[in-house]
Amino acid sequence: MPGMQGGQRAMTYKVKFTHSDKSRAYINRTELREGVEIYRHPRGHFVVLEFEGVSGKFREAFWPEEIVKAI
């Protein structure tokens, strides 16, 4: 896996999904989605998580402060 050191296991994180951070109408429609870390920038600038959706897997990048480690 790119960005992972040998022997490291992929971590599972939760992230809050909103459809738009501009509209107040969507603030109450947030949901936590659980994804697997696919890539972490070497300097920690961003993290790429992979999610399982209705139509298959998809990936999205997040700022490190936006994700929460899943228990």
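Quick note: the sequence shown uses the working numbering, first residue 1323, plus one each step.
We put the beta carbon where it would ideally sit given N, CA and C, even for glycine.
CB-CB length for residue i against residue j, believed under 8 Å
| i | j | result |
| --- | --- | --- |
| Glu1372 | Lys1379 | 6 Å |
Cross-strand partners of residue i (DSSP beta bridge)
| i | result |
| --- | --- |
| Phe1380 | Phe1373 |
| Gly1357 | Tyr1335 |
| Arg1362 | Val1369 |
Same chain only: Cβ atoms within 7 Å of residue i, ignoring 5 sequence neighbours per side
| i | result |
| --- | --- |
| Val1376 | none |
| Glu1359 | Ala1332, Met1333, Tyr1335, Val1369 and Leu1371 |
CB of residue i within 9 Å of CB of residue j, strictly
| i | j | result |
| --- | --- | --- |
| Lys1336 | Gly1357 | yes |
Chain-order list of residues whose beta-carbon lies under 8 Å from that of residue i (same chain, five-residue window excluded)
| i | result |
| --- | --- |
| Gly1366 | Pro1386 |
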